[in-house]
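Quick notes on the structure that follows.
Numbering (my numbering), first residue to last: 222 to 326.
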């Protein structure tokens, strides 16, 4: 038989031995590799950032809706200016009431 025709054969091991070898390699890969832990931490960080991005996009859409409503409706613009900025008309008196306090049970 020539060298080109020889095929590589793995040593004949029992199923238990192969399971032990694979378990050892998996443990070494997962526990001994700082890169794997860093990759997992980065994945969790990316997951959180994607959730933050989705939240920011939802907030952006809500704000765009409010801007569109304010541009088309003078009453909505006035309501926003009064509630958020505290604007008043000349001679107008603003009444503020404290929030009711809930009694402890």
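Ideal Cβ positions, reconstructed from N, Cα and C, are used throughout, including at glycine.
- Taken through DSSP and simplified to helix, strand or coil, residue 294 comes out as coil.
- According to the DSSP assignment, residue 242 belongs to the alpha helix (DSSP H) that extends over 236-252.
- Apart from sequence neighbours up to five positions away, the residues of its chain that approach residue 301 with a beta-carbon distance below 8 Å are 287 and 291, ordered along the chain.
- For the set 326, 320, 303 and 324, the Cα lying nearest the Cα of residue 313 is the one of 303.
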